[in-house]
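Heads up, the thing below is written out as structure tokens.
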Ligand SMILES: NC(=O)c1ccc[n+]([C@@H]2O[C@H](COP(=O)([O-])OP(=O)(O)OC[C@H]3O[C@@H](n4cnc5c(N)ncnc54)[C@H](OP(=O)(O)O)[C@@H]3O)[C@@H](O)[C@H]2O)c1
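Residue numbers (the working numbering): 588 to 924.
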């Protein structure tokens, strides 16, 4: 089959389009999915580069989010038929493992999945929209709702708001009734974030986001006039040098929500802000199966927009991932094998 394959960790050149990769065969409890759409995530950049502490079996086929039609049903599988439209939950919750990392993912014509990971795609939801959901929108849902409890009337600052996770965070915060300040790296991204529903935007490449946020909501203070200043929530999965600076815009009792660290996972911390302002740091990792069902229904019902910046054929998967790595994407990128 045709596949975009990583045979060694490294730069963009390590993602290679191949035409003779062996087809997968179904074992007991497996199905083979003819992949119609796979979305890219920043996670794929980390997988290609190699992450300390994570062993990726080589050769690897990346692509965590897989949507397609069942091409073959393995022995012992009940309730699924050839031709069914399915989305694969990237997490194997029974035997362990992650699609596109420890087992082959969606950057190929065919993909083997465990039947217990399958989710039926509702009528009216396209393969591309379904494939955009699990990792990015699923984690956003867990971060903003399940763990973050973002609520009506809260002020929410979102860094990296133009990315796959970010465009969902913006929408979920608005659905909750929060006031959203979205940070994007270009004026064009900021304009699109405003169009998506952000109340205010900050081009944080051109402008210092701490100063800009304090100009909007005041400098947080412990007592007196300053105690109402600042934002209730910062959403920060960027890390790096944005981490400690984000502590400076949170009001007393504010929450920092995180699910990752695109720009670096071991920034210098400043614990003084955490105790002085009684801040809460809340992590989120992945999604629950019911989150994916909920997202598919929201998309089908027109309550959530899937922002797809572009779709690429499999032969151009390297270029698609380059755009994501180089911050050229608004929302999601989809590959259609
Ligand atoms: N724990 C989990 O389960 C989980 C799940 C999903 C994602 N994540 C993590 O969440 C983060 C975002 O994922 P994603 O797929 O949404 O990524 P993405 O689509 O690439 O979006 C990330 C955004 O962050 C901004 N950014 C700021 N500094 C950056 C830098 N140094 N390098 C690259 N981008 C930078 C970019 O927007 P601007 O150019 O506008 O600044 C970019 O659009 C990643 O760290 C990812 O690993 C974790």
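Glycine included, C-beta positions come from ideal geometry on N, C-alpha and C.
Just so we're clear, the structure is a prediction, and the values are computed from it rather than from any experiment.
Identity of the residue in 768, 705, 902 and 889 nearest residue 786 by Cα: 768
Own chain, CB closer than 8 Å to residue 631, minus 5 neighbours either side, in chain order: 649, 650, 651, 687, 908 and 911
Alpha helix (DSSP H) segment containing residue 761, residue limits: 751 to 763
With 16 other Cβ atoms within 10 Å as the buried cut-off, status of residue 620: Under this definition residue 620 is a buried residue.
Three or more C-beta pairs below 8 Å linking the segment 854 to 866 and the segment 773 to 782: no
Run of the beta strand (DSSP E) containing residue 626, from where it starts to where it stops: Annotation: the continuous beta strand (DSSP E) that includes residue 626 extends over 617 to 626.
Per-residue burial, residue 696 [other beta carbons within 10 Å of its own, 16 or more giving buried]: Counting Cβ neighbours within 10 Å, residue 696 comes out buried, since at least 16 surround it.
Short Cβ contact (7 Å threshold) for residue 622 with residue 693: yes
Cβ distance (whole Å) where residue 819 is taken to contact residue 741 below 8 Å: 4 Å
Same chain, Cβ closer than 8 Å to residue 682, neighbours up to 5 away in sequence not counted: The residues are 701.
For residue 867, the nearest candidate out of 833, 876, 805 and 674 (CA to CA): 833
Residue 815, buried or exposed, once every other Cβ within 10 Å from all chains shown has been counted against 16: exposed
Start and end residues, beta strand (DSSP E) containing residue 840: For residue 840, the uninterrupted beta strand (DSSP E) run begins and ends at 837 to 845, by DSSP.
Whole-angstrom distance between residue 690 and residue 886, CA atom to CA atom: 28 Å
Cβ-Cβ distance between residue 654 and residue 674 below 7 Å: yes
Member of 863, 850, 616 and 880 whose CA lies at the smallest distance from the CA of residue 633: 850
Alpha helix (DSSP H) segment containing residue 554, residue limits: With the chain running from 588 to 924 in the structure shown, residue 554 is simply not present.
As assigned by DSSP and simplified to three states, the class of residue 658: Note: residue 658 maps to strand in three-state DSSP.
contact_flag[the segment 716 to 723, the segment 792 to 802] where n(CB pairs < 8 Å) is 3 or more: no
Touching by the beta-carbon criterion (3+ pairs, under 8 Å), the segment 868 to 885 and the segment 606 to 613: no
Heavy atom of ligand 1 within 6 Å of residue 629 beta-carbon: yes
Cβ neighbour criterion (16 or more within 10 Å) applied to residue 775: Here residue 775 is exposed, its C-beta having fewer than 16 other C-beta atoms within 10 Å.
Buried/exposed call for residue 676, threshold 16 Cβ in 10 Å: Answer is buried; the Cβ neighbour count reaches 16.
Span of the beta strand (DSSP E), counted from its first residue to its last, around residue 766: Segment 766 to 771, the beta strand (DSSP E) holding residue 766.
Residue 824 beta carbon near ligand 1 (any heavy atom closer than 6 Å): yes
Buried or exposed (CB count within 10 angstroms, at least 16 for buried), residue 878: The residue in question, residue 878, is buried, as its Cβ has 16 or more Cβ neighbours within 10 Å.
Nearest-angstrom Cα separation, counted from residue 901 out to residue 918: 19 Å
Own chain partners of residue 698 with C-beta closer than 6 Å, once the 5 adjacent residues on each side are dropped: 620, 622 and 653
Whole-Å CB distance - residue 825 paired with residue 747, under 8 Å assumed: 5 Å
Buried/exposed call for residue 536, threshold 16 Cβ in 10 Å: Outside the modelled stretch of the chain, which goes from 588 to 924, sits residue 536, for which no answer is possible.
Nearest neighbour of residue 899, chosen from 588, 627, 613 and 711 [CA to CA]: Nearest option by C-alpha distance: 627.
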